[in-house]
Structures are given as C-alpha cells and as structure tokens.
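K.L.:
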Amino acid sequence: MRLAYKSDDDAPVSGEASPAPVRVSARLERLEAESVYILRELSGFARPALLFSGGKDSAVLLHLAIKAFAPQKAPFKLLHIDTGHNFPEVLAFRDTRARQTGLQLIVRDVEDSIRRGSVRIGPDGSRNAAQAVTLLEAQQEFEFDALIGGARRDEERARAKERVFSHRDAFGAWRPRAQRPELWGLFNRHIGVGEHMRVFPLSNWTEADVWAYIIQEQIELPSLYYAHEREVVRRDGFLFPVTSLTPAENGATSERIVVRFRTVGDITCTCPVESEAGSAEQVLAETLIATVSERGATRMDDRANSAAMERRKVEGYF
Amino acid sequence: MDGAIFPLRASAETRQVRFMTAGSVDDGKSTLIGRLLLDSGVLMRDQAASIGDDEEDLAALTDGLEAERAQGITIDVAYRYFETPRASFIIADAPGHEQYTRNMVTAASVSDVAVIVIDASRVEGGALKRQTRRHAAIAALMGLDVIVAVNKMDLISWSQERFADIETAFADLAGVLKLSGVVCVPVSARRGDNVVRRGGADWWRGPTLIEVIEQSRGPATRHDAPLRLPIQAVLRDVTSRFYVGRLEAGSLRPGDSVVLGPHAYPATIASVRIGGRAVARAEAGASVAIEFEDERDVTRGDVVAAAGARYARAVVADVCWLDETAWSKGRRYILRQGTLETQALIEDIAFVHDIEDFSRREGASSLSLNDIASVRLVTRDPILADVFTQSPGTGAFALFDPQTSQTCAAGMIREAIT
Numbered sequence: 012m013r014l015a016y017k018s019d020d021d022a023p024v025s026g027e028a029s030p031a032p033v034r035v036s037a038r039l040e041r042l043e044a045e046s047v048y049i050l051r052e053l054s055g056f057a058r059p060a061l062l063f064s065g066g067k068d069s070a071v072l073l074h075l076a077i078k079a080f081a082p083q084k085a086p087f088k089l090l091h092i093d094t095g096h097n098f099p100e101v102l103a104f105r106d107t108r109a110r111q112t113g114l115q116l117i118v119r120d121v122e123d124s125i126r127r128g129s130v131r132i133g134p135d136g137s138r139n140a141a142q143a144v145t146l147l148e149a150q151q152e153f154e155f156d157a158l159i160g161g162a163r164r165d166e167e168r169a170r171a172k173e174r175v176f177s178h179r180d181a182f183g184a185w186r187p188r189a190q191r192p193e194l195w196g197l198f199n200r201h202i203g204v205g206e207h208m209r210v211f212p213l214s215n216w217t218e219a220d221v222w223a224y225i226i227q228e229q230i231e232l233p234s235l236y237y238a239h240e241r242e243v244v245r246r247d248g249f250l251f252p253v254t255s256l257t258p259a260e261n262g263a264t265s266e267r268i269v270v271r272f273r274t275v276g277d278i279t280c281t282c283p284v285e286s287e288a289g290s291a292e293q294v295l296a297e298t299l300i301a302t303v304s305e306r307g308a309t310r311m312d313d314r315a316n317s318a319a320m321e322r323r324k325v326e327g328y329f
Numbered sequence: 537m538d539g540a541i542f543p544l545r546a547s548a549e550t551r552q553v554r555f556m557t558a559g560s561v562d563d564g565k566s567t568l569i570g571r572l573l574l575d576s577g578v579l580m581r582d583q584a585a586s587i588g589d590d591e592e593d594l595a596a597l598t599d600g601l602e603a604e605r606a607q608g609i610t611i612d613v614a615y616r617y618f619e620t621p622r623a624s625f626i627i628a629d630a631p632g633h634e635q636y637t638r639n640m641v642t643a644a645s646v647s648d649v650a651v652i653v654i655d656a657s658r659v660e661g662g663a664l665k666r667q668t669r670r671h672a673a674i675a676a677l678m679g680l681d682v683i684v685a686v687n688k689m690d691l692i693s694w695s696q697e698r699f700a701d702i703e704t705a706f707a708d709l710a711g712v713l714k715l716s717g718v719v720c721v722p723v724s725a726r727r728g729d730n731v732v733r734r735g736g737a738d739w740w741r742g743p744t745l746i747e748v749i750e751q752s753r754g755p756a757t758r759h760d761a762p763l764r765l766p767i768q769a770v771l772r773d774v775t776s777r778f779y780v781g782r783l784e785a786g787s788l789r790p791g792d793s794v795v796l797g798p799h800a801y802p803a804t805i806a807s808v809r810i811g812g813r814a815v816a817r818a819e820a821g822a823s824v825a826i827e828f829e830d831e832r833d834v835t836r837g838d839v840v841a842a843a844g845a846r847y848a849r850a851v852v853a854d855v856c857w858l859d860e861t862a863w864s865k866g867r868r869y870i871l872r873q874g875t876l877e878t879q880a881l882i883e884d885i886a887f888v889h890d891i892e893d894f895s896r897r898e899g900a901s902s903l904s905l906n907d908i909a910s911v912r913l914v915t916r917d918p919i920l921a922d923v924f925t926q927s928p929g930t931g932a933f934a935l936f937d938p939q940t941s942q943t944c945a946a947g948m949i950r951e952a953i954t
C-alpha cells in the first residue's frame, strides 16, 4: 500500500483540512490502516470501552482511536483498572490525556475488590494478576460488550496466539483451544448475552513499531519513559525502584542512577533499565539494538514461570 | 547478540512480509522458525537463555501454550515477529497436524506467501508425504505463492541428486494444483545452513531461504483492480457525513465517479481522508473516510465500487468447513463478505475436494470439520459477484453459525450464477 499526497498540479482538495505533510513508512502505513480498520469494526457495539492506563501502548491506541473516528468523537469510554500501585506521573498523564480527548474516564480500584473480598493478594504482594478480577467486575458493572486493549502479540508467547477479536464467555474466560478461526479481515463480532469481546488493534505491532509511530505522530508519553534520575537497588540483574511502596530492604544499598522504563505497570513488579535516552528517537535507537525483551527486562510477574501469562489470560487478564 | 547475523535490526523504513509456515513437527518446522528468530538477531537474551544448538530447544521457542507443550504438538496459530535490514516479517505459524487444517486456512488468510517445510531425509524416490500434498493444495486454494524449505539436508549429506528429485516432485505437484512460481531451497534448520547464513552445499548457487522470503510478492498488487470499498460505518459532524472503510481493491480520488450497491446508484466522491487529513488519492489497503458530492443513503454493508461491479444471489464457491459441528442441510448461516452480513444457504455440494489425491468426490451430502468442497450457495441479499483469484478482498467470505456464533467456514467465490 502506498499513499499519494497532494502536489501542486493535483486537483484542489475540498474541505478545510490541509494535505498530509509528512511521508510515512510503508510499514507503519500498513499497520496504522489495519488498526484503524479494526477500531472502526467496533462501531456496531453498544458499550465498548478502551483500556487506558497512561502507558505507551494505550497512548498509541488512544491516538489511533481518535484518528479512526475523526471528526466525530471516538465512541468509547476509557477504563483504567488501578492497582493502587501506579506511578503518580503516569496517573497524572492518564487524567490529563483523558481530559484533552473529552472521553469519559472510568477508574476502578483493585483496592475495592480487596475490600469486597473478591481479590486476595498472594505473598509476593503483586496486584498485577488481581487486575483481572477487578476488570471483570467493571465489565459486568457497566455491561461493556467490548474491551479494547493495547496488547501486542510480540510481547509474550501466550499473547502470540491471541485473536484480534477474542471472544470471552459469560465468565470472562479465554479458552485458547476453542478460539474462533479468524479469516482475512472478516471479523466475527457476534457475542451472546453476558459475553464480551476483547479487541486488540495493536496485535501486529512490535515494540520498535510503537516507538517509530510515537516519533512519527509526536505522541506524548509520561516522563518516566525517558531518561531520568531515580533511586534504585540492584538485585538479580534487575533494577528495583525505591519508592514508599517498595523501600530498600534491610542491608540493601540503593543508588541514584539515570534510568528509563520500557513498560509501566504495577510499581511492585516493574523495573527500569539503565539508559540515557531522553527522546523517542533515542529510545527507538536503543530498542533496535536491545538484547533483552521488553517484558523480560522489566516485569517480575512474567518471570516466575513461562506459562504465567497464559494462566492469567485464561482467568481474564488482558 | 552473539551469533546474530545482523547486529542492527531493521528501521521503520522497510517493507513488511507476512508469511505462513506449514509442515509437521517431524519436518522440523518449529526448529526452522526458532532458527529464523535466532539468526536474525531478534531473539532476546532472556528468551534465548535456554538455547543451545539443540533442535528441541530451538523448537521450544515457538511452542506457546502449556497444553500443546504437554502434547508435544503445535495446536493453534501463533504469530512471530522478526526483522532483517531489508524487511520486517510476521510469521503465522500453522500446525502440521492433520486435524488442524482449519488453522492452516486461518493462517493462510492473513498471509502473503506460504513456506512449506519438508523433511528431505524422508522423501524416498520423490514421493511427497500426504501432508505436504495437503499443505500445497490449501495454499493453492487460498491463492498463496509457495516457497519450499527442503529441510534436514545435512542428514542426506546435502545430496544434490535427492534435492533435484524433490524439486521435480514438487514441480509435478504444482502443475496439478496450478501453483506458479514455486521455489525450493535446501536448508538445515538445525545447523542453520542456508536459512539466514549461507552454508551446507557448494553446489547451491541460489538464494538463502530468508532472501527468497524477502523478495516474495507482497499484497500491493491490487491497485489496478476495480475499486472496492466496503463501508464500515457512517460518521457525522455538524455539517457533513463521512463514510469510512478500508479499500480492498483499486484506488480513489476526489471527483471519481462510483456506483453504490446492487442497483448501481451513481455517486461522485467529494473528498478522501486518511487519519482525518484530506488526501489527493488513496490506494488499496488504506483506511479512508469519504464524502459524496450529494447526500446518499449508504450504510454499513454497502460497497462503494467502480462502475461495472456485478452482484448475484447465487454463487459457486469453495468452502472449507472449520467448525466441529458439521454443516446441516437447509440451515441458514450468516455470511460475511466485506462488511455485509446476510443469510446464506448451501443448496448443493457439487463435490468434495480430496486434497490428498486431488480427486473429486461427487454425491457428498455432508460437510464436516476440515472438508473442502465446491458448493452452490444462495444468499438473501445480493452479494458482490467477485471472483476470489481476481479480487481476494471481496471474493472471500466467512460463514458464522446463527445459534452458536462459531465461525464455521471460509469461502472463496469461483463464479457467479446469473
């Protein structure tokens, strides 16, 4: 696919919008067109919600959703499942961005699920897996019939098998062996009463694609995606951020170094990497020569077991 | 990383090739994918931690789900991503196990080209395995070009003669299936010879497997076809209506004369937008928003087309049955073509394709999981009478079960009945 842009000898283009000023890569063009097509397939749903955490993938997803439905407002509510362990600058970014788009932001807290007793936290204290319970509770509360997420197939092996339109039964469960075949772009959007659809418009994007698109579209991100000074403790090859939630353990020596985050999630299981990359261009350059995967470098929750993600997904996790 | 052939991975300025892989566990398909990932340097240190040069370890990289790891077979379609300096790739990894034909059909529908892996050490006297014939038949049916990775060449001492036998056998098969442009490449996935790195045989002067895949024909051949724009939704702002959809074929410019729907109502395109910006031209693959010069009654399911588009209520099609529940005669299924959903009835099965001996089994009265048949199908509403080989975007359809909502068949229109 190739786009042709307006040149001087072309017929005048009607409407007030100016012609596209930048030439983009064929690869990003194909990915963007595909994602916009997927998002527009949501137009038949009664109550779709877009999962927006303020992380980079959801920021790209929101940007695409706005593009897909311009000049109309994107027909989605924004939903964030807050573990209560999020970085404050990410939450601030989430709120600002939601306000700018004019889309309603719904926040549901894992803390409330703990109080209700529907979530019990394991000995490691991580609330990441508990998000699935709160997410399904929110899905039922608002009767969302589609939940749109920024998960990518390149992130992790269980996600590599995910459909673009992924059916969830009335229990919200993913059944990897009973997935509907997905043919061409002819998505099967049919769901029964109480069921819902998970939709993944970024399925075919890689980490490098996401960064290249952030550069091309000048998409704003929370500051902790770029190099900043932070107090950390080195342990098991990871850098653990020292925060009020995760103080340095007795005897551990912390240090202040320049780091950035590759993924942003629950503070208790998300680690930064050492980096001087202060711009999206520099991050992309590092991404292209990275030797450790995005989740492998930074996520304690996937590390415990190679099947960890699959189990969480079966239970309703994104 | 150590052993990677490309120290720097691709930038954003490359083309993208989507290919599927077919072959059995025994053919070394998973090992081959592991090798592509390892030698292209895309494999990260944490993911490669357990990797020696051992075949099982390489294969383990690509087998995703717990259930299938326990069974030792790949049971679903998994997607892998890697890059070279010249292109980026999406692999749709389809299983080789016979009962999972439906997954190969699924993988084929989202791919530009098929890589079929065969075990050279087990081809005796040029007799290809049943499964290989089945894979080639499905690729032909789905309109994909085929690249054959003749694997395990190290086990037959890179015998040029035996490779030539396999090439000949595949050329014969391609002739029967009317597959054109089949390329065979001798490789050893286990040793990494001729996959990304050259190696193995002095006599081989041809390209490596990755070079052949890089040069395979992409999807960008539909620009010259007549315009097909199935409408997904109608957007409104204060003064205008925008009709949005993806161009499945052809191109579109402001001022173009088009026709709408089966009655071919004429209309003129006033503007074309991509991502909210007006453009002077859009081509196949683009997701657009358009305005018409005058108000038009267009809704989801309608198609904006070039003059001459034909519609029909009855077509001859090949269908591949994908549901555990067999086809029921007289049952009305939901048919999706483009963005249109209507009811469809399979009136008659002309014959079932035997995709092992390529014979036609006539007089069949049932269609069950993995059957591929030529059928006569009628629809409640007129559908575009586009032939799949000429317009894959609109010549394809899917059938859904109206009760269970399962996706039960993939269909390809072969001719319109008028």
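One line per chain: the protein sequences are A and B, in this order.
Per the working numbering, the first sequence starts with residue 12, numbered consecutively.
Per the working numbering, the second sequence starts with residue 537, numbered consecutively.
Ideal Cβ placement from N, Cα and C applies to all residues, glycine included.
Could you name the residues of the same chain whose beta carbon sits closer than 8 angstroms to that of Glu750 (chain B), not counting the 5 residues immediately before and after it, in chain order?
P.N.:
Closer than 8 angstroms at the Cβ level, and outside the excluded window around Glu750 (chain B), lie Val553, Thr620, Arg622, Ala623.
K.L.:
Do Pro252 (chain A) and Cys280 (chain A) come within 8 angstroms of each other at the CB atom, strictly closer than that value?
P.N.:
Against a cut-off of 8 angstroms, the Cβ pair of Pro252 (chain A) and Cys280 (chain A) comes out as no contact.
K.L.:
Give me, in chain order, the residues of the same chain whose beta-carbon lies closer than 8 angstroms to that of Thr217 (chain A); leave out the 5 immediate sequence neighbours on both sides.
P.N.:
The residues are Arg163, Asp165.
K.L.:
Provide the residue(s) that pair with Cys856 (chain B) in DSSP beta bridges, ordered along the chain.
P.N.:
B:Ile908, B:Ala946, per the DSSP bridge assignment.
K.L.:
Can you name the residues that DSSP bridges to Ala814 (chain B)?
P.N.:
B:Arg809, per the DSSP bridge assignment.
K.L.:
Spell out whether any CB of chain A is found under 8 angstroms from the CB atom of Leu858 (chain B).
P.N.:
Closer than 8 angstroms: yes.
K.L.:
Going by the beta-carbon positions, is the gap between Val731 (chain B) and Leu876 (chain B) smaller than 8 angstroms?
P.N.:
No, these two residues do not count as a Cβ contact at 8 angstroms.
K.L.:
Could you spell out the range, first to last residue, of the alpha helix (DSSP H) harbouring Met640 (chain B)?
P.N.:
Counting along the chain, the alpha helix (DSSP H) containing Met640 (chain B) begins and ends at 637-645.
K.L.:
Below 8 angstroms on the Cβ atoms is my contact criterion, and I expect Ala181 (chain A) with Gly161 (chain A) to pass it. Report the Cβ-Cβ distance as a whole number of Å.
P.N.:
Wrong, their Cβ atoms sit about 25 angstroms apart, outside the cutoff.
K.L.:
Measuring straight from C-alpha to C-alpha, what distance separates Glu122 (chain A) and Leu213 (chain A)?
P.N.:
Cα to Cα, the separation comes out at about 29 angstroms.
K.L.:
Output needed for Thr804 (chain B): all residues of its chain with C-beta closer than 8 angstroms, excluding positions within five of it in sequence on either side, in chain order.
P.N.:
Gly791, Asp792, Ser793, Val794, Phe828, Glu829, Asp830.
K.L.:
Closer than 7 angstroms, Cβ to any Cβ of chain A: which residues of the segment 758-773 of chain B, in chain order?
P.N.:
If the cut-off is 7 angstroms between Cβ atoms, the segment 758-773 of chain B has Gln768, Ala769, Leu771, Arg772, Asp773 near chain A.
K.L.:
Could you give the C-beta distance for Leu871 (chain B) and Phe933 (chain B), rounded to a whole number, given that I count them as a contact under 8 angstroms?
P.N.:
Leu871 (chain B) to Phe933 (chain B), Cβ: 5 angstroms. Contact.
K.L.:
Just to confirm the assignment, what range does the alpha helix (DSSP H) spanning Phe153 (chain A) have?
P.N.:
It spans 142-153 - the alpha helix (DSSP H) in which Phe153 (chain A) sits, taken as one unbroken run.
K.L.:
When you compare the CB of Ser895 (chain B) with every CB in chain A, is at least one pair closer than 8 angstroms?
P.N.:
No, Ser895 (chain B) lies away from the interface with chain A (no Cβ there is under 8 angstroms from its Cβ).
K.L.:
Could you give the DSSP three-state label for Gln667 (chain B): helix, strand or coil?
P.N.:
In this structure, Gln667 (chain B) counts as helix in the three-state DSSP scheme.
K.L.:
Mind listing, in chain order, the continuous alpha helix (DSSP H) runs of no fewer than 4 residues lying wholly within the segment 73-125 of chain A?
P.N.:
Entirely contained in the segment 73-125 of chain A, the alpha helix (DSSP H) runs reaching 4 residues are, in chain order, 99-112.
K.L.:
Listing by chain order, which chain A residues have their CB less than 7 angstroms from the CB of Val923 (chain B)?
P.N.:
The contacting residues do not exist; Val923 (chain B) stays about 15 angstroms from chain A at best.
K.L.:
In this structure, does DSSP put Met208 (chain A) in helix, strand or coil?
P.N.:
It is a strand residue.
K.L.:
Check whether the segment 44-57 of chain A and the segment 729-748 of chain B touch, using three or more Cβ-Cβ pairs below 8 angstroms as the test.
P.N.:
These segments do not touch.
K.L.:
For Thr835 (chain B), count neighbouring C-beta atoms within 10 Å of its own C-beta (all shown protein chains included) and say buried if the count is 16 or more, exposed if not.
P.N.:
Thr835 (chain B) should be labelled exposed.
K.L.:
How many angstroms separate the CA atom of Thr775 (chain B) from the CA atom of Gln83 (chain A)?
P.N.:
The alpha-carbon atoms of Thr775 (chain B) and Gln83 (chain A) are separated by roughly 11 angstroms.
K.L.:
Any beta carbon of chain A sitting closer than 8 angstroms to that of Ser566 (chain B)?
P.N.:
Cβ-Cβ to chain A under 8 angstroms: no for Ser566 (chain B).
K.L.:
Given that Pro212 (chain A) touches chain B, what residues does it touch there, using C-beta distances under 9 angstroms?
P.N.:
Within 9 angstroms Cβ-Cβ: nothing; Pro212 (chain A) doesn't reach chain B, min ~11 angstroms.
K.L.:
Have a look at Arg110 (chain A) and Asp120 (chain A) and give me their C-alpha separation to the nearest angstrom.
P.N.:
One C-alpha to the other measures close to 20 angstroms.
K.L.:
Using a Cβ-Cβ distance under 8 angstroms, would Arg846 (chain B) count as near chain A?
P.N.:
No, its Cβ sits nowhere closer than 8 angstroms to a Cβ of chain A.
K.L.:
Do three or more CB pairs link the segment 682-694 of chain B to the segment 713-722 of chain B at distances below 8 angstroms?
P.N.:
Yes, they touch.
K.L.:
With the cut-off set at 8 angstroms, would you say Ile268 (chain A) and Glu285 (chain A) are in Cβ contact?
P.N.:
Cβ distance < 8 angstroms, so Ile268 (chain A) and Glu285 (chain A) count as in contact.
K.L.:
Strictly below 9 angstroms CB to CB, what residues from chain A border Gly837 (chain B)?
P.N.:
Near Gly837 (chain B) there are no residues of chain A at all, since even the closest Cβ is about 11 angstroms away, more than 9 angstroms.
K.L.:
For the candidate residues B:Lys665, B:Ala945, B:Thr668, whose alpha-carbon lies nearest to that of Asn906 (chain B)?
P.N.:
Among B:Lys665, B:Ala945, B:Thr668, the Cα nearest to that of Asn906 (chain B) is on B:Ala945.
K.L.:
When you check each C-beta in the segment 643-669 of chain B against every C-beta of chain A, which residues fall closer than 8 angstroms?
P.N.:
Flagged, chain order: Ser645, Val646.
K.L.:
Taking Gly203 (chain A) as the query, report the chain B residues whose CB atoms sit under 8 angstroms from its CB, ordered along the chain.
P.N.:
Here the neighbours are Ser941.
K.L.:
Once DSSP output is grouped into helix, strand and coil, what is the label at Gly929 (chain B)?
P.N.:
Gly929 (chain B): helix per DSSP, three-state reduction.
K.L.:
Over the uninterrupted beta strand (DSSP E) stretch that includes Glu883 (chain B), give me the two end residues.
P.N.:
Glu883 (chain B) -> beta strand (DSSP E) spans 876-889.
K.L.:
Report yes or no: is there a C-beta of chain B within less than 8 angstroms of the C-beta of Leu256 (chain A)?
P.N.:
Taking Cβ atoms only, chain B never reaches closer than 8 angstroms to Leu256 (chain A), which makes this a no.
K.L.:
Count the other CB atoms, across all protein chains shown, that sit within 10 Å of the CB of Ala862 (chain B); report buried if there are 16 or more and exposed otherwise.
P.N.:
Under this definition Ala862 (chain B) is an exposed residue.
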